[in-house]
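Participant: Let me give you the structure first, and then I'll get to my questions.
2 protein chains.
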Amino acid sequence: MNLDIYKNLHRANRELINLNPIQRGGILPTEAKKAIYEFWDGYSVCDFCSGKLDEIQNPPICKFKEDLAEFINMDFVRFTHGAREGKFIVMHSICEENDYIVLDKNAHYTSYVAAERAKLNVVEVGYEEEYPTYKINLEGYKEVLDNLEDENKNVGLVLLTHVDGNFGNLNDAKKVGKIAKKKGVPFLLNCAYTVGRMPVDGKEVKADFIVASGHKSMAASGPIGILGFSEEFEDKIAKRSEKFPIKEIEFLGCTSRGLPLITLMASFPYVVERVKRWDEELKKTRYLVEELEKLGFKQLGIKPKEHDLVKFETPILDEISKKDKRKGYFFYEELKKRGIVGIKPGVTKEVKMSVYGLEWEQVKYVVESIKEIILQSHHTL
Amino acid sequence: MNLDIYKNLHRANRELINLNPIQRGGILPTEAKKAIYEFWDGYSVCDFCSGKLDEIQNPPICKFKEDLAEFINMDFVRFTHGAREGKFIVMHSICEENDYIVLDKNAHYTSYVAAERAKLNVVEVGYEEEYPTYKINLEGYKEVLDNLEDENKNVGLVLLTHVDGNFGNLNDAKKVGKIAKKKGVPFLLNCAYTVGRMPVDGKEVKADFIVASGHKSMAASGPIGILGFSEEFEDKIAKRSEKFPIKEIEFLGCTSRGLPLITLMASFPYVVERVKRWDEELKKTRYLVEELEKLGFKQLGIKPKEHDLVKFETPILDEISKKDKRKGYFFYEELKKRGIVGIKPGVTKEVKMSVYGLEWEQVKYVVESIKEIILQSHHTL
Ligand SMILES: Cc1ncc(COP(=O)(O)O)c(C=O)c1O
Ligand SMILES: Cc1ncc(COP(=O)(O)O)c(C=O)c1O
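Taken in order, these protein sequences are the chains called A and B. Take any residue in the first sequence, count from 1 to its spot, add 1003: that is its number in this note's numbering. Take any residue in the second sequence, count from 1 to its spot, add 1003: that is its number in this note's numbering.
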């Protein structure tokens, strides 16, 4: 066993501009880094525990749970290890084996895998339009639910991805919330890409459950998430153990016993503020789209952008790659030279990126860098 | 919403000697702290992911998985969020609803709650002797299994707590492993308190599954654990998603996507070394017991100690508390004055403690401090 490989673990990309959409919302503010020094040891959040992690007063985890519920406007909140674990908890506690769940065709893979783990059947709601917007046909939820009803299938849950991880399309959650309500089916909104970036109001959209991701969109270290739920489902979600009545079954007593929770908490004031500046983030995103489309990129997904995750079709990169001796890797390598990472190496037909949270000057630097790479390549070839 | 309470989060006990057994094995070495600086942002471990977290090569997570398997001598290892999540994964993937599991009466509450979540029935194996050793009757597993067989019950799993969290009793796992093997029932050994502190050899004790806890006993930030399993159960534990064949269902694709895993990895060389010095740790523990028994404490659990967690009956503290105006809190407060924490405030009949990982001088300081508190109190009263 060569133990030297575990010494001096280093993140090569740490100081660079990272355009990977999954990385942009999880960058820690200084406050959270300071808190890490305090709580990095094992079970250190448990110093003053009297039996249930989320009722600890010092650090103020108990109050935090309430403030988070207010932040997303849901009755209750619990901590989870991430959005996916929250989805599984909902499915496992409110559905019966072999129930059906209805979800959008842009749903994240973890929604499918959580359903598989909970032994549920999945039915998809498709697109209103495929290429180029891949817009989900939200009214389609009604039809799918009607059909399942006609077939006497038991539908346990309606799930909508608030913003998906492929096209960054924002869905009008209230539409689906209303349909679900009318049908009497519980409604889960997956806010992994929204809570912590943009304002989300659970009651307004008629969500029974909201899952969010700390490491993805709430400036926290991974893995941490939150699950918001309405009072109606408290007895199922927060069901207590018979033998250990203080412990909630679905959370195995206590979920996030450690550091990620501390960072989520320390970052919270920063997150509350940044959500208010969402409009400014959209301006950056739209500027990026406008400038890159001038270079021959084509934005996929709904226009204009209502989220920072952008997927582009990039025939121009594909064309260059055919003539560059580095093949598809030229784009990655040229960006890297300029201190920019987070674009998949070797991929040239489509690229995903986000400039969320970058300073305007950095956004402009990104645009100028891409412009330079493309013009230079055209010139050289 | 008063956001000021989340500013400058501080751990009051950070610099003090902490005798709480759940805290002693999770203290980070410097190497792990350095790694935290590198990887504190969100999904930062995922920079070079090609679809499955535990196959990432940079940082060397994939190799780490193999080295951990070698370390505990099991065929395979996966990362979990902790010991309890590992237990749930085993129960959920290999048992059928309403199956029976057999476990020891000293089992951790999370073993019961995991079984409840997996909708299983629990049958306990009792004590060979109650007070004062609370030694589990390991041969009793045979009888319990025979009885369940006679009643035509389906037994899905045998679980043994390697060292329990109440008395710190070490169980001879091989005995139970052999009984389980003979009966053809899979055997899970809960090593939350052993792997990372003392040598554990999964095959030697005939374990099909081993769960361990990073934040508890492997010098890692919480929450992180490992699940070791034998090849025989690979198809069930590591079952892949139908729609997303790279993703393992029970792990929801990827489990520990973040910082705790990094600390587990960075601490690994240190943990491998410290396990070799387990004998020295036992000497410290036995010295503690010897000295405190001179003061009127009485060690509960099996003698001599084979683990650092010690539970004492403390009639002497109870006696003092009746005359001290601070009541039961005098012990906590006097220790605190001396820079020692981790004893439950107000409790005087029984106390739990561990000096695991302290320097000999610190161990002696702890003993001298307790001696001083008791003699002084006796004198004053
Ligand atoms: C839409 C969506 N949902 C869920 C997830 C998973 O989040 P978590 O890691 O918190 O489970 C992601 C992550 O990429 C996502 O994009
Ligand atoms: C014997 C035992 N098992 C399991 C656990 C739970 O460990 P984890 O937090 O990793 O789930 C503990 C924690 O106190 C324990 O003492």
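Built from N, CA and C at the ideal position, the CB exists for glycine as well.
Could you give the residue range of the beta strand (DSSP E) that holds R1081 of chain B?
Facilitator: Residue mapping note: residue 1081 of chain B aligns to position 78 of the second sequence, counting from 1. Note, R1081 of chain B: beta strand (DSSP E), 1079-1083.
Participant: Could you check whether V1358 of chain B and T1288 of chain B sit closer than 8 Å to each other, using their CB atoms as the reference points?
Facilitator: Translated into positions along the second sequence, residue 1288 of chain B becomes position 285. Translated into positions along the second sequence, residue 1358 of chain B becomes position 355. For T1288 of chain B and V1358 of chain B, yes; Cβs fall inside 8 Å.
Participant: Identify every run of the alpha helix (DSSP H) within the segment 1167-1206 of chain A, keeping only runs that are complete inside it and at least 4 residues long; order them along the chain.
Facilitator: Listed in chain order, the complete alpha helix (DSSP H) runs (minimum 4 residues) inside the segment 1167-1206 of chain A are 1176-1186.
Participant: Quick check on the burial criterion: 16 or more other C-beta atoms within 10 angstroms. Buried or exposed for K1297 of chain B?
Facilitator: On the second sequence, position 294 is the one that residue 1297 of chain B refers to. Exposed is the call here.
Participant: With 8 Å set as the bound, which would you pick, yes or no: does the beta-carbon of S1372 of chain B sit closer than that to a beta-carbon of chain A?
Facilitator: By one-based count along the second sequence, residue 1372 of chain B stands at place 369. S1372 of chain B does not count as touching chain A.
Participant: Looking only at C-alpha atoms, which of A:H1381, A:Q1379, A:M1356, A:S1380 sits nearest to V1369 of chain A?
Facilitator: Walking along the first sequence from the start, residue 1369 of chain A turns up at place 366. When only C-alpha atoms are compared, the closest one is A:M1356.
Participant: Would D1102 of chain B and V1161 of chain B qualify as a contact pair, given that the criterion is a beta-carbon distance under 8 Å?
Facilitator: Looking up residue 1102 of chain B in the second sequence gives position 99. Looking up residue 1161 of chain B in the second sequence gives position 158. Result no, Cβ atoms of D1102 of chain B and V1161 of chain B do not sit closer than 8 Å.
Participant: If distances are taken between C-alpha atoms only, which option among B:G1349, B:L1303, B:F1271 comes closest to K1066 of chain B?
Facilitator: By one-based count along the second sequence, residue 1066 of chain B stands at place 63. Nearest option by C-alpha distance: B:F1271.
Participant: If you draw a straight line from the alpha carbon of P1263 of chain B to that of F1042 of chain B, how long is it in whole angstroms?
Facilitator: Here residue 1263 of chain B is taken as the residue at index 260 of the second sequence, counted from 1. Here residue 1042 of chain B is taken as the residue at index 39 of the second sequence, counted from 1. Those two C-alpha atoms are separated by around 10 Å.
Participant: Kindly indicate if chain B contains any beta-carbon less than 8 Å away from that of Q1060 of chain A.
Facilitator: Here residue 1060 of chain A refers to the residue found at position 57 of the first sequence. False, the Cβ-Cβ gap to chain B never drops below 8 Å.
Participant: Cα separation between K1156 of chain A and E1127 of chain A?
Facilitator: The count along the first sequence starts at 1 and reaches residue 1156 of chain A at position 153. The count along the first sequence starts at 1 and reaches residue 1127 of chain A at position 124. Looking at the two C-alpha atoms, the distance is approximately 15 Å.
Participant: Does DSSP put K1330 of chain A in a helix, in a strand, or in coil?
Facilitator: As a position in the first sequence, residue 1330 of chain A is number 327, starting the count at 1. Coil at K1330 of chain A, not helix or strand.
Participant: Determine, using beta carbons only, whether E1100 of chain B and S1244 of chain A come nearer to each other than 8 Å.
Facilitator: To locate residue 1100 of chain B, count along the second sequence from 1; it is residue 97. To locate residue 1244 of chain A, count along the first sequence from 1; it is residue 241. No, Cβ-Cβ distance for E1100 of chain B and S1244 of chain A is not below 8 Å.
Participant: Distance check for D1282 of chain A and G1205 of chain A, CA to CA, integer angstroms please.
Facilitator: Here residue 1205 of chain A refers to the residue found at position 202 when the first sequence is read from its first residue. Here residue 1282 of chain A refers to the residue found at position 279 when the first sequence is read from its first residue. So the alpha carbons of these two residues sit roughly 20 Å apart.
Participant: Along chain B, in chain order, which residues have C-beta atoms closer than 8 Å to that of E1245 of chain A?
Facilitator: Counting from 1 along the first sequence, the entry for residue 1245 of chain A is found at position 242. E1119, listed in chain order.
Participant: For V1275 of chain A, return the contacting residues in chain B, with the cut-off set at a CB-CB distance below 7 Å.
Facilitator: In the first sequence, counting from the first residue as 1, residue 1275 of chain A sits at position 272. Per Cβ cutoff of 7 Å: L1006.
Participant: Please name the residue or residues paired with N1061 of chain B in a DSSP beta bridge.
Facilitator: Sequence index remark: in the second sequence, residue 1061 of chain B carries index 58 (1-based). Note: N1061 of chain B sits in no beta bridge, so no partner.
Participant: Chain A partners of G1256 of chain B, CB-CB under 8 Å?
Facilitator: For this step, residue 1256 of chain B is matched to residue 253 along the second sequence. Neighbours of G1256 of chain B on chain A, chain order: R1087, Y1112, T1113, V1116.
Participant: Under the rule that 16 or more other beta-carbon atoms within 10 Å means buried, what is Q1026 of chain B, buried or exposed?
Facilitator: Within the second sequence, the letter at position 23 stands for residue 1026 of chain B. The residue in question, Q1026 of chain B, is buried, as its Cβ has 16 or more Cβ neighbours within 10 Å.
Participant: What does H1218 of chain A touch in chain B if you count any residue whose Cβ is under 7 Å from its own?
Facilitator: Position 215 of the first sequence, counting from 1, holds the residue named residue 1218 of chain A. What H1218 of chain A touches in chain B: G1045, Y1046, R1260, G1261.
Participant: For T1164 of chain A, which beta-bridge partners are listed by DSSP?
Facilitator: Numbered from its first residue, the first sequence carries residue 1164 of chain A at position 161. A:N1193, per the DSSP bridge assignment.
Participant: Would you mind reading off the limits of the alpha helix (DSSP H) that contains I1265 of chain B?
Facilitator: The count along the second sequence starts at 1 and reaches residue 1265 of chain B at position 262. Looking at the DSSP string, the run of the alpha helix (DSSP H) that includes I1265 of chain B is 1262-1279.
Participant: When you compare the CB positions of I1213 of chain A and G1231 of chain A, do they come within less than 8 Å of one another, or not?
Facilitator: The residue labelled residue 1213 of chain A in the question sits at position 210 within the first sequence. The residue labelled residue 1231 of chain A in the question sits at position 228 within the first sequence. In this structure, G1231 of chain A lies closer than 8 Å to I1213 of chain A by Cβ.
Participant: Please classify G1256 of chain A: does DSSP put it in a helix, a strand, or coil?
Facilitator: Within the first sequence, numbered from 1, the residue matching residue 1256 of chain A stands at position 253. Three-state DSSP puts G1256 of chain A in a strand.
Participant: Look up G1159 of chain B in the DSSP assignment and say whether it is helix, strand or coil.
Facilitator: What you label residue 1159 of chain B is simply residue 156 of the second sequence in a count that begins at 1. G1159 of chain B falls in the strand class under three-state DSSP.
Participant: Interface residues of chain B around S1357 of chain A at Cβ under 8 Å?
Facilitator: Position 354 of the first sequence holds residue 1357 of chain A. Near S1357 of chain A there are no residues of chain B at all, since even the closest Cβ is about 12 Å away, more than 8 Å.
Participant: When you compare each of B:K1347, B:E1294, B:E1362 to I1377 of chain B by their alpha carbons, which one comes out closest?
Facilitator: Here the question's residue 1377 of chain B lines up with position 374 in the second sequence. Per the Cα distances, B:E1294.
Participant: Along chain B, in chain order, which residues have C-beta atoms closer than 9 Å to that of F1334 of chain A?
Facilitator: Residue mapping note: residue 1334 of chain A aligns to position 331 of the first sequence, counting from 1. Chain B residues near F1334 of chain A: none, gap ~17 Å exceeds 9 Å.
Participant: Would you identify the three-state DSSP class for N1150 of chain B, choosing helix, strand or coil?
Facilitator: Looking up residue 1150 of chain B in the second sequence gives position 147. Correct three-state label for N1150 of chain B: helix.
Participant: Please compile the residues from chain A whose C-beta is within a distance smaller than 7 Å of the C-beta of M1077 of chain B.
Facilitator: The residue labelled residue 1077 of chain B in the question sits at position 74 within the second sequence. Correct list: empty, because the minimum Cβ distance to chain A is about 15 Å.
Participant: Roughly how many angstroms separate the alpha carbons of E1154 of chain A and Y1144 of chain A, rounded to a whole number?
Facilitator: As a working mapping, residue 1154 of chain A is identified with position 151 in the first sequence. As a working mapping, residue 1144 of chain A is identified with position 141 in the first sequence. Distance between the alpha carbons of E1154 of chain A and Y1144 of chain A is about 15 Å.
Participant: In chain order, what residues of the same chain lie with their CB nearer than 6 Å to the CB of I1182 of chain A, ignoring the 5 residues before and after it?
Facilitator: On the first sequence, residue 1182 of chain A is found 179 positions in, with the first residue counted as 1. The answer, listed in chain order, is Y1144, K1145.
Participant: Would you please verify whether the beta carbon of R1014 of chain B is less than 8 Å from any beta carbon of chain A?
Facilitator: Here residue 1014 of chain B refers to the residue found at position 11 of the second sequence. Closer than 8 Å: yes.
Participant: Just curious, the alpha helix (DSSP H) that S1096 of chain A is in, first and last residue?
Facilitator: Counted from its first residue, the first sequence places residue 1096 of chain A at position 93. Where S1096 of chain A is concerned, the enclosing alpha helix (DSSP H) stretches over 1086-1097.
Participant: Does DSSP put E1132 of chain B in a helix, a strand or coil?
Facilitator: Position 129 of the second sequence holds residue 1132 of chain B. Of the three classes helix, strand and coil, the one that applies to E1132 of chain B here is strand, per DSSP.
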